[in-house]
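In case it helps, the UniProt record's numbering puts the sequence shown at residues 1 to 230.
For each residue, glycine too, the CB sits at the ideal point set by N, CA and C.
Source: prediction; values computed, not measured.
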Amino acid sequence: MHQLHEFNSRELLDNQLADKVANILETAVKLRGKASIAVSGGSTPKGFFSVLSKKSLPWKQITVTLADERWVDINDDASNTKLVHQNLLQNNALEANFFHIKQGDLLSSEVLADLNLAAGTTVLPFDVLILGMGEDGHTASLFPCSNEIHSALSKDAAPLLKVVPTTAPHERITFSYAYLAQSKNTFLHICGQGKKTVLDQALAGDEITEMPIRAFLQHPSLTTNVYWAE
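Shown next as structure tokens:
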């Protein structure tokens with residue numbers, strides 16, 4: 001299921017989402033001594049990242065990671081890791097921990113095995129998950145065009161998977177749907193009328209492999225909070 005939160009401006013959305021996420025992370029640290037948040041790349045979350053980075057939080061007890069990543073050098077402009085370091089891991093958030101899901105040059109089965117083991121003890125389950133959405137209805141790197149889409153959506157999938165999209169560049173690593181869906185708080189952050197149209201299309205159908213974001217929006221017991229601004 002989903003709950004739609006509409007805002008009159010992107011600035012207002014960024015501030016409201018940052019306030020909400022900060023409260024969740026602070027509460028988690030108070031309860032368990034630690035918290036984790038998985039974020040997505042792209043230009044949309046940059047404003048949110050900036051606002052969140054200035055929050056007075058116990059950042060040393062908070063681990064940030066990515067919902068997915070392109071398997072490129074971290075200095076590449078296509079790197080979500082670079083994006084997060086430049087926009088979120090700044091200001092107060094410089095003290096946060098970062099769990100790298102892109103490690104080394106080759107995305108091998110051995111690397112995946114090591115990452116899956118580390119993810120299980122470091123960040124999973126997420127306290128907060130911030131998703132984005134592509135024009136084709138993909139989220140994280142759950143691409144409808146990929147040969148891996150069925151395994152990525154499987155309830156038996158490993159936490160992290162290799163995905164090779166056919167309609168987008170770069171080999172990817174992504175958290176699987178089974179583990180993304182375990183997040184205690186899930187948000188879909190989208191902006192613009194084009195993304196609102198894609199959202200409406202996703203809500204109008206039920207074939208998950210056609211538009212993987214449907215797995216979050218239409219799950220009977222998982223609430224995805226959609227934050228949208230023009």
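{"Query": "Inter-stretch contact at 8 Å, needing at least 3 Cβ pairs: the segment 91-110 / the segment 67-80", "Result": "yes"}
{"Query": "Beta carbon of SER53 nearer than 8 Å to that of ALA22", "Result": "no"}
{"Query": "LEU89 versus ALA78, LEU107, LEU57 and ALA119, residue with shortest Cα-Cα distance", "Result": "LEU57"}
{"Query": "Residues bridged to SER36 (per DSSP)", "Result": "THR63"}
{"Query": "For HIS2, three-class secondary structure by DSSP", "Result": "strand"}
{"Query": "Buried versus exposed call for GLN3 [16 or more other C-beta atoms within 10 Å across all chains shown]", "Result": "exposed"}
{"Query": "Residues near GLU11 by beta carbon distance below 8 Å, same chain, minus five either side", "Result": "GLY47"}
{"Query": "Closest residue to ALA158 among GLU6, LEU112 and GLU210 (Cα-Cα distance)", "Result": "LEU112"}
{"Query": "Range covered by the beta strand (DSSP E) that runs through GLU69", "Result": "68-70"}
{"Query": "Exposed unless 16 or more other CB atoms sit within 10 angstroms - verdict on THR186", "Result": "buried"}
{"Query": "Whole-number beta carbon distance between ALA215 and TYR179, since they are thought to touch under 8 Å", "Result": "Wrong, their Cβ atoms sit about 12 Å apart, outside the cutoff."}
{"Query": "DSSP state of HIS189 mapped onto helix, strand, coil", "Result": "strand"}
{"Query": "ILE62 beta carbon less than 8 Å from that of ILE37", "Result": "yes"}
{"Query": "Segment contact flag, the segment 160-173 with the segment 188-196, C-beta cutoff 8 Å, min 3 pairs", "Result": "no"}
{"Query": "Alpha-carbon spacing of GLU95 relative to ALA202, whole angstroms", "Result": "38 Å"}
{"Query": "Under the three-state DSSP convention, the category PHE99 falls into", "Result": "coil"}
{"Query": "Distance between VAL29 and LEU142 (C-alpha atoms, nearest Å)", "Result": "30 Å"}
{"Query": "Residue span of the alpha helix (DSSP H) that contains PHE49, given as start and end", "Result": "46-53"}
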